[in-house]
Each structure stands twice: as structure tokens, then as C-alpha cells.
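As you go down the protein sequences, you meet chains S and A in turn. Residue numbers for the first sequence follow our numbering, so the first one is 50 and each next one is one higher. Residue numbers for the second sequence follow our numbering, so the first one is 84 and each next one is one higher.
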Amino acid sequence: MMATSKKILEQEPTEIEMLLPWHATGTLNARDGRRVDEALARDPQLAKQYAAIREEYAETIHLNESLGAPSVRAMQKLFAAIDGEPARKRSVSLDISARIARFFAGLSPRTLAWSAGLGAVALLLQAGVIGAVLVKNQNASFQTASLSTDQPITRALGPEAPPRALVRFAPDARVADITALLDNYHASIIDGGNGGLFRLQFGDRAMGKDEIAGLMRKLQKEKIVSLAVAAQ
Amino acid sequence: MQVLYGRHHVRVFRFGLRLVRDEQIAEDLISEVFLDVWRQAGKFEGRSAVSTWLLAITRFKALSALRRRKDVELDDKAANAIEDTSDDPEVAVQKKDASEALRRCLTALSPEHREIVDLVYYHEKSVEEVAEIVAIPENTVKTRLFYARKKLAGLLKTAGIERGWP
Chain S
50 MMATSKKILE QEPTEIEMLL PWHATGTLNA RDGRRVDEAL ARDPQLAKQY
100 AAIREEYAET IHLNESLGAP SVRAMQKLFA AIDGEPARKR SVSLDISARI
150 ARFFAGLSPR TLAWSAGLGA VALLLQAGVI GAVLVKNQNA SFQTASLSTD
200 QPITRALGPE APPRALVRFA PDARVADITA LLDNYHASII DGGNGGLFRL
250 QFGDRAMGKD EIAGLMRKLQ KEKIVSLAVA AQ
Chain A
84 MQVLYGRHHV RVFRFGLRLV RDEQIAEDLI SEVFLDVWRQ AGKFEGRSAV
134 STWLLAITRF KALSALRRRK DVELDDKAAN AIEDTSDDPE VAVQKKDASE
184 ALRRCLTALS PEHREIVDLV YYHEKSVEEV AEIVAIPENT VKTRLFYARK
234 KLAGLLKTAG IERGWP
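Here you go:
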């Protein structure tokens with residue numbers, strides 16, 4: 050059937066005709082992609098139009114690529130302007146509290162009232178459970194904190210540093226994904242950009258060897274991380 | 084910021100340059116765009132790709148820059164008046180080079196049509212992303228590109244090139 054491509058000059062375009070450019074660039078969703086494929090297979094006029102679109106696509110890329118790139122001056126101007134900006138200190142805890150504040154701000158008064166009520170009930174239940182446990186263990190003997198002789202006595206020569214890692218993010222990683230990952234791991238970027246590798250620090254306490262290895266394995270499994278290795 | 088700049092500045096520059104048609108202004112634009120990004124990083128909601136966000140800011144800045152230039156109007160008539168004067172499509176076709184003529188005609192489109200053609204073909208943005216960047220409904224995105232292509236076909240026809248469509 051040749052109805053898909055109408056007599057274009059006189060009539061409004063069909064939905065399929067209008068989707069052809071996105072089909073050529075591969076940015077249609079699967080459902081629309083299939084619709085266009087089917088229409089192209091049964092309508093030679095549409096296929097002709099599609100061939101013209103592919104030419105336009107190729108030449109638009111050619112044209113834009115011929116425009117060159119900006120000079121170093123633009124970059125220098127930008128970074129000079131950034132240097133002139135007032136210093137900003139980004140705090141993870143502030144970020145989290147801001148998110149929590151935004152979350153609660155987004156709730157309706159009714160939802161908030163229900164949440165507060167549920168919170169109060171949960172507190173009462175918790176108090177009840179603690180009370181019951183105390184009453185049950187009333188005849189238990191007292192125990193004082195004391196030195197355990199079966200544990201070796203060790204002392205660190207200085208405060209142990211939190212673990213660090215060199216991380217390369219996937220090329221399609223979005224800033225928001227990276228920020229979320231940093232939040233999830235309580236991590237901060239302490240150095241980065243060189244060769245696409247970022248030095249990250251995790252939390253504020255030292256970790257054991259096994260714990261660090263586990264952390265690296267977990268990181269390596271993240272979709273937006275293409276490389277993660279423990280570092281100093 | 085260096086990573087972000089390194090990854091996106093060329094495309095941002097080219098998009099800006101196609102809109103403002105002045106290398107100096109386009110270079111100033113990218114500094115302004117990335118400085119805005121630096122200042123407003125917290126506002127980025129992550130619902131769209133970073134490149135979509137950057138192109139939307141670039142477009143806004145480019146239109147503001149054009150408005151600041153008193154000698155440039157945004158309507159098609161004036162836009163056509165600042166078209167490349169070295170060769171028109173008719174001259175290009177005399178070169179017997181259909182590809183070259185097609186590129187000339189792409190340059191001769193109105194800013195509104197150029198913008199949508201670039202976003203779809205060069206920046207490979209989906210219907211939804213173009214709608215976000217240009218701040219128009221998705222259906223308008225589709226029809227605008229269709230009529231941009233029709234205009235392009237008309238320019239090519241005037242230049243003596245028949246492609247079998249429309």
C-alpha cells in the first residue's frame with residue numbers, strides 16, 4: 050500500500066514520514082523503529098524519501114565537522130572566570146540533608162501528618178520492646194568494661210587514612226549518576242581528570258585489606274565504572 | 084569541569100556557531116555556557132543527558148547574543164540576509180557537486196530550521212530531547228523538521244538538483 054507517503058506538497062505529512070530522520074539516526078524507540086521498518090518495506094516512495102534523508106544526515110555531519118574547534122582562548126577565558134568565582138565548599142552531608150529537606154518539602158501536609166503519627170507509634174513500640182527486655186534480664190549480673198587478655202594489644206603509629214582508589218567512569222556516565230555514586234559510597238574526588246582517572250577517597254575511617262578488596266569489587270560492578278583499583 | 088569541557092566543548096561550539104554565525108561570539112558563548120554550568124551544577128536534575136542540558140543552555144545564550152546584536156533579526160528574512168554571500172545554491176550546483184550543493188542549502192536554511200536539522204542529524208537528539216532543548220512540544224519538533232526538510236528540498240530544486248523527494 051502506498052498510503053504511507055502522501056503527496057507531500059499538498060497534504061500534511063504522516064506520522065511515519067515525520068519519524069524517518071530519527072530512524073536514520075537510530076534515536077527512535079523500539080516500537081516506532083519497527084513501525085518505520087515495516088512501512089519502509091512496503092512503500093517504495095517512502096524508501097526513496099528515506100534515501101534522501103540519509104544523504105541529508107551525512108552532509109549535515111560533514112558540514113558541522115568542517116566548522117573546526119574553538120581556540121584555546123575560550124578555555125583560558127572560562128577557567129580564568131572560574132578562578133575568579135567565590136570559593137565553594139561542597140559537603141556531602143549538606144547535600145544529603147538538602148535532599149532530605151527537599152523530600153519532606155515535597156510531601157503533602159496530610160502525608161506529613163500520617164508520617165509523623167506512624168513515627169510516634171514506632172517510637173512507642175520500640176520503647177515497649179526495650180522495656181520488656183530490661184524487665185526480662187533484671188536478674189542478670191553486672192559486667193564492667195575491662196581489658197580482655199585474649200586479644201593482642203596493638204597501637205597504630207598514626208591515624209590510619211581512609212581507603213582511596215583510582216576510578217575511571219564509563220564514557221556515557223552522567224554527572225548525576227556520578228554524584229549519586231559518590232553519595233552512595235560516601236566518597237569524594239580528591240584528584241582527577243588525568244587520563245580520565247579520578248582519585249576517590251571513601252568515608253572517613255580506615256578499612257582492612259579484605260574490606261577494601263570487597264569495596265573495589267563492588268565498585269567494579271557499578272554500571273558507570275569502567276575501572277576501579279585501590280590506591281594510596 | 085576540565086573533563087566536562089574536554090568532552091563537550093567542540094559540539095557546544097559548533098552548535099553555537101551555527102546559530103550565531105560568528106566565531107568570536109561562538110567562542111564567548113562556550114565560556115559563558117560552561118561558566119553557567121559551573122555555577123548551576125546543583126540544579127542539574129539528571130533527567131536528561133548532560134549534552135542535552137548543555138545544548139539547551141547554549142541555545143538560550145546564542146539567542147540572547149543574537150538579540151544583543153542590533154544588526155541581526157531573528158526572523159527568516161533577516162536571517163537569509165546574513166546568509167553566506169560567497170555562493171548561492173545555484174552557483175554551487177554549477178560545481179556539479181550534489182553533496183556540496185546540499186551543504187550549501189543546509190547553510191541557507193532559516194535559523195529555526197538549521198537548529199532542528201543540526202540537533203537531529205549532527206547532535207543525534209531524540210524527539211523528546213529536541214523538544215526539551217528548543218522548548219517546544221514533541222509534535223512541533225516532528226513537523227518542524229519535516230518542513231525544514233521540505234524547504235531544503237525546495238532549495239535544492241531551485242539549484243537544479245532533483246532527489247526524487249518530495
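Cβ atoms here follow ideal geometry from the backbone N, Cα and C, with glycine treated the same way.
Where Ser114/A is concerned, the enclosing alpha helix (DSSP H) starts and stops at Glu106 to Gln123.
Residues of the region 110–126 of chain S with a C-beta atom less than 7 Å from some C-beta of chain A are Ile110, His111, Leu112, Asn113, Leu116, Ala118, Pro119, Ser120, Arg122, Ala123, Met124 and Lys126, listed in chain order. Taking CB atoms only, Ile113/A has a neighbour in chain S less than 8 Å away. Leu68/S sits in a helix when the DSSP states are folded into three classes. Inclusion of Lys233/A and Thr76/S in the CB contact set at 8 Å is not warranted, their separation being larger than that value. Going by DSSP, Arg152/A is part of no alpha helix (DSSP H) at all; its letter is neither H nor E. The beta carbon of Ala210/S is closer than 7 Å to those of Ala255 in its chain, skipping five residues each way along the sequence. Among the residues facing chain A, Pro93/S is not included, as its CB has no counterpart in that chain under 8 Å away. Per DSSP, Phe98/A is one residue of the alpha helix (DSSP H) stretching across Gln85 to Val103. A check of alpha carbon separations from Arg227/A across Glu211/A, Glu195/A and Asp119/A identifies Glu195/A as the nearest. Chain-ordered, the chain A residues with CB closer than 8 Å to the CB of Ile131/S read Met84, Leu118 and Trp121. Between Val120/A and Leu137/A the beta-carbon gap is near 7 Å, inside 8 Å, which marks them as a contact. Leu68/S sits close to Val85/S, with the two beta carbons spaced by under 8 Å. Using a CB distance cut-off of 8 Å, Asp201/A counts as an interface residue toward chain S. With at least 16 other beta carbons inside 10 angstroms of its own, Thr74/S counts as buried. DSSP places Ser115/S outside any beta strand (DSSP E), giving it a letter other than H or E. Counting along the chain, no beta strand (DSSP E) covers Leu77/S, and no H or E run does either. Under the Cβ distance rule, Ser209/A counts among the residues neighbouring chain S, one pair being separated by less than 8 Å. By the rule that beta-carbons nearer than 8 Å mark a contact, Met67/S touches chain A. Around the beta carbon of Glu66/S, 16 or more other beta carbons lie within 10 angstroms, which makes this residue buried.
Residue burial annotation: Lys126/S is buried, with at least 16 other C-beta atoms found within 10 angstroms of its C-beta.
Shown here, Leu276/S sits in a strand according to DSSP, grouped into three states. Between the alpha carbons of Phe96/A and Leu202/A lies a distance of about 13 Å. Secondary structure at Leu249/S: strand, using DSSP grouped into helix, strand and coil. Residue pairing by DSSP puts Val216/S in a beta bridge opposite Phe247/S and Ala277/S. Any Cβ of chain S closer than 8 Å to the Cβ of Gly243/A would place that residue at the interface, and such an atom is absent. Beta-bridge partners of Ile244/A (DSSP): none assigned.
The contact set of Pro135/S on chain A, defined by CB atoms closer than 9 Å, is empty, because the minimum CB distance reaches about 10 Å. Boundaries of the alpha helix (DSSP H) harbouring Gly263/S: Lys258 to Gln269, taken from the DSSP string. Going by C-alpha positions, Ser237/S is about 9 Å away from Thr228/S.
At the C-beta level, Ala191/A and Leu238/A come within 8 Å of one another.
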